[in-house]
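Undergrad:
2 protein chains.
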Amino acid sequence: MSEGVEWALHSCLNLTWLEPGQAVSAARLAAFYRLPTAYLNKQLQALVRAGILTSTPGPRGGFRLARPPEAVSVLDVVVAIEGAEEAFRCEQILRAGPGGRADVDYRQVCLVSQAMRRADLAWRRELAGQTLADLRTAVEQRYPDTPANTRERFAAPLS
Amino acid sequence: MSEGVEWALHSCLNLTWLEPGQAVSAARLAAFYRLPTAYLNKQLQALVRAGILTSTPGPRGGFRLARPPEAVSVLDVVVAIEGAEEAFRCEQILRAGPGGRADVDYRQVCLVSQAMRRADLAWRRELAGQTLADLRTAVEQRYPDTPANTRERFAAPLS
DNA sequence: GAATGCATACTCGGATACGCCGTGTCCGAGTAATTAAGG
DNA sequence: CCTTAATTACTCGGACACGGCGTATCCGAGTATGCATTC
C-alpha cells in the first residue's frame, strides 16, 4: 500500500481540529511531520478529487475538510489515495484452462476469487466502520492536549 | 497484490487432486493455464521455502503438497508469495511531529496505525479461515468433473 | 538371469535483464489580500 | 474618509525525472531413471 495513505490520514485528522472556515496550506501540513511539501500536495489533490477536502488558492488559502468528520470514513481516505480496485485482481486464468469459456465472467464464478473477495470485503467493512470523528475523539481522550497543540502549531509561523 | 498469488492458489488447488506420492513438474502446472513456465517456477519455489510444497528433481520429479489440504490455509499461500508484512506499513511519522519521542513505538501507540491493523487482522482472519480442502470440496460440489479432468490433464503428454 | 556401473534426460534453483508504478520535484496559472491613489 | 483599481505575494494544480519492485527469462547443478555391460 502506498505511503501516502498514512500522510493523508494524519493530515485529515489534523484538519479535524481546525475551527470552521479556516484553511491550512500544504506547506504547513507538510511541516507538521517534516514531509516533502510538493509530494504531500499531490496526495491532498487526490483527496480533493475524491470530495473529501476542498482547496482554496491565494493568500490565506489552503485545504479544509469538505464534509463533517462524521461523514468521512477511513475507507474513503484509503480509496481516494489507493484507488477503488481491490487488492487481489482476478486475471481469470481459468479462461485459459481446460473447459474455460470466454463468455463467462470468472471474477464472479471462480471460487478462489470469491474467497479473496470475502477477505477484501471484511477489510473494507472494518475500515468503513471508523470515521475521522471516531479517530478524533479517541485521540482527544488519550491525549487531551492534542487539539490545542495542533491549532497552535498551525497558527505559528513556518520556522 | 502480486499476480503470483492467483497462480499459486490455483496451482495448489490442482495439486490437491493429485494421488498421493505423485508429483507434477512446473512445466505441466504452467501449461494448465498457459502461464510462463519459468516465472511460475519462481512462485512455486516460494511455496517450497514456506513449507507448503515439496520439490523433487530429476525425471518423474516435480512439486507436491507438503501437508494435507486441511492444514494449508489460503492465508498461508498468500503470505508465502507476498510476504508477512501487513499492507499498511506505519512509518511512524508521529516521531517527526510535535511532541514526538524517539523511544516510543508508534506502530503500537498510533491510533491510525491501530485502525489499519484492525482491518488487516480482519482480512487475515477471513483468509485463515479457509483451507485448500474447503476450496477443493466447494469446487467438487459445483463442478464434479474437475478432479478427473485435472488428473487426466496432468497425465496427458505436453502437447 | 541378476547385479552393477554409466550415460542420459529431466527436474529444480538461483542469477540475470526489462518495464511499470510509486516517489519525489519543479514551475506556471489563478486568486485573494494589500496597498496606493483618487474622489 | 470611502471607493476603486492595480499590484503583489501566496496558493494550488498539473507536467516532468528518478528509483525500486514486480515481471519475465535463461542457463547451470543435481538427481532418478533407463540401459548397456559384465559376472
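Residue numbers (our numbering), protein chains in the order written: chain A, 1 to 159; chain B, 1001 to 1159.
Glycine included, each C-beta is placed from N, C-alpha and C at the ideal position.
Computed from a prediction, not measured in an experiment: that's the story for all the values here.
Determine contact between the segment 1018-1032 of chain B and the segment 1099-1119 of chain B, defined as no fewer than three beta-carbon pairs at a distance below 8 Å.
TA: Output reads no: the segment 1099-1119 of chain B does not touch the segment 1018-1032 of chain B.
Undergrad: Can you tell me where the alpha helix (DSSP H) with threonine 1037 of chain B in it begins and where it stops?
TA: Sequence index remark: in the second sequence, residue 1037 of chain B carries index 37 (1-based). From DSSP, the alpha helix (DSSP H) with threonine 1037 of chain B extends over 1037-1049.
Undergrad: In angstroms, rounded to a whole number, what distance separates the CA positions of threonine 1037 of chain B and tryptophan 1007 of chain B?
TA: Numbered from 1 along the second sequence, position 37 holds the residue referred to as residue 1037 of chain B. Numbered from 1 along the second sequence, position 7 holds the residue referred to as residue 1007 of chain B. One C-alpha to the other measures close to 11 Å.
Undergrad: Taking proline 98 of chain A as the query, report the chain B residues whose CB atoms sit under 7 Å from its CB, ordered along the chain.
TA: Position 98 of the first sequence, counted from the start, is the residue given in the question as residue 98 of chain A. Ordered by position in chain B, the residues that pass the 7 Å Cβ test against proline 98 of chain A are Asn1149, Arg1153.
Undergrad: Just the chain A side, please: which residues come within less than 7 Å of alanine 1115 of chain B by C-beta, in chain order?
TA: As a first step, residue 1115 of chain B is located in the second sequence; it is residue number 115 there, counting from the start. Simply Val74, Gln130, Leu135.
Undergrad: In the DSSP assignment, the alpha helix (DSSP H) including arginine 67 of chain A goes from what residue to what residue?
TA: Residue 67 of chain A sits at position 67 when you count from the first residue of the first sequence. No alpha helix (DSSP H) contains arginine 67 of chain A, which DSSP labels as neither H nor E.
Undergrad: Could you tell me which chain B residues have their CB closer than 7 Å to the CB of alanine 122 of chain A, listed as they occur along the chain?
TA: Here residue 122 of chain A corresponds to residue number 122 of the first sequence, with the count starting at 1. Ordered by position in chain B, the residues that pass the 7 Å Cβ test against alanine 122 of chain A are Ala1122, Trp1123, Glu1126.
Undergrad: Name the two residues that bound the continuous alpha helix (DSSP H) containing threonine 16 of chain A.
TA: On the first sequence, residue 16 of chain A is found 16 positions in, with the first residue counted as 1. Its alpha helix (DSSP H) spans residues 4-16.
Undergrad: Fully enclosed by the segment 89-154 of chain A, which alpha helix (DSSP H) runs are 4 residues long or longer?
TA: As far as the segment 89-154 of chain A is concerned, its whole alpha helix (DSSP H) runs of at least 4 residues are 106-109, 111-128, 132-142.
Undergrad: Distance, Cα to Cα, arginine 151 of chain A vs glycine 83 of chain A?
TA: Taking the first sequence and counting its residues from 1, one reaches residue 151 of chain A at position 151. Taking the first sequence and counting its residues from 1, one reaches residue 83 of chain A at position 83. Straight-line Cα distance between these residues: approximately 31 Å.
Undergrad: Skipping 5 residues on each side, what residues in its chain have a beta carbon closer than 8 Å to that of tryptophan 1017 of chain B?
TA: For the purposes of this step, residue 1017 of chain B is taken as residue 17 along the second sequence, with counting starting at 1. Once the five neighbours on either side are set aside, the close Cβ partners of tryptophan 1017 of chain B are Arg1136, Thr1146, Pro1147, Thr1150, Arg1151.
Undergrad: Please state the DSSP three-state secondary structure of leucine 1053 of chain B.
TA: The residue you call residue 1053 of chain B lines up with position 53 of the second sequence. Reduced to three states, the DSSP call for leucine 1053 of chain B is strand.
Undergrad: Give a yes or no on contact between the segment 1068-1082 of chain B and the segment 1122-1130 of chain B, applying the rule of three or more CB pairs nearer than 8 Å.
TA: In short, these stretches touch, since the Cβ pair count reaches three.
Undergrad: If you compare alpha carbons, which of B/Glu1086, B/Glu1003, B/Pro1068 is closest to leucine 1121 of chain B?
TA: For the purposes of this step, residue 1121 of chain B is identified with residue 121 of the second sequence, where counting begins at 1. Minimum Cα distance to leucine 1121 of chain B is reached at B/Glu1086.
Undergrad: Alpha carbon to alpha carbon, what distance is there between histidine 1010 of chain B and aspartate 103 of chain A?
TA: Indexing the first sequence from 1 puts residue 103 of chain A at position 103. Indexing the second sequence from 1 puts residue 1010 of chain B at position 10. Roughly 20 Å between the two C-alpha positions.
Undergrad: Could you spell out where the alpha helix (DSSP H) holding glutamate 82 of chain A opens and where it closes?
TA: Taking the first residue of the first sequence as position 1, residue 82 of chain A is located at position 82. Looking at the DSSP string, the run of the alpha helix (DSSP H) that includes glutamate 82 of chain A is 74-82.
Undergrad: Counting contacts by CB-CB distance shorter than 8 Å, is alanine 1071 of chain B in contact with chain A?
TA: Stepping through the second sequence from its first residue, residue 1071 of chain B is reached at position 71. No - not a single Cβ of chain A is within 8 Å of the one on alanine 1071 of chain B.
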